[in-house]
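J.: Structure below; questions to follow.
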Amino acid sequence: MGAPIVVHRPSPSGGRRVTVGDEILGLAHSDGDVLEFLRRAGLPDAEQLLDDPQWVEWRGGRAHRYEAA
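Reading the sequence shown from the start, the letters are residues 0 to 68 in numbering that gives the first Met the number 0.
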């Protein structure tokens, strides 16, 4: 099974869609946005999870980069 949190490839206008399972949490433009989405989803201390591949999969682009594709 893959990581439960997916940060998808950057969109043409910038930002990355963030999903947990089949649920779209939002369009992130920074790590802070990702952390806020995860906090709202019930993971209040997610900072250490962003670089853990068992928790977060960064698809289509470098991790922590949000500029337009």
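Just so you know, even glycine gets a beta-carbon here, dropped at the ideal spot from N, CA and C.
None of these values were measured; they are calculated from a predicted model.
Leaving aside the five residues before and after F36 along the sequence, list all residues of the same chain whose C-beta is less than 6 Å from its C-beta, in chain order.
T.: So the list reads V17, L24, G25, once near-sequence residues are dropped.
J.: With DSSP run on the structure shown, which of helix, strand or coil describes R64?
T.: The answer is coil: DSSP assigns R64 none of H, G, I, E or B.
J.: Which residues bound the beta strand (DSSP E) around G25?
T.: Where G25 is concerned, the enclosing beta strand (DSSP E) stretches over 22-27.
J.: Considering only the beta carbon of each residue, do P11 and A62 sit closer than 7 Å?
T.: No; because the gap between Cβ atoms is not below 7 Å, this pair is not in contact.
J.: Below 8 Å on the Cβ atoms is my guess for V33 versus A27; work out the distance and round it to an integer in Å.
T.: Indeed, because the Cβ distance is near 5 Å, the residues count as touching under 8 Å.
J.: In chain order, what residues of the same chain have a beta carbon less than 8 Å from the beta carbon of D50, not counting five sequence neighbours either side?
T.: Once the five neighbours on either side are set aside, the close Cβ partners of D50 are A62.
J.: Apart from the five residues on each side of it in sequence, which residues of its chain come closer than 7 Å, Cβ to Cβ, to G14?
T.: Hits under 7 Å: L26, A27, H28, Y65.
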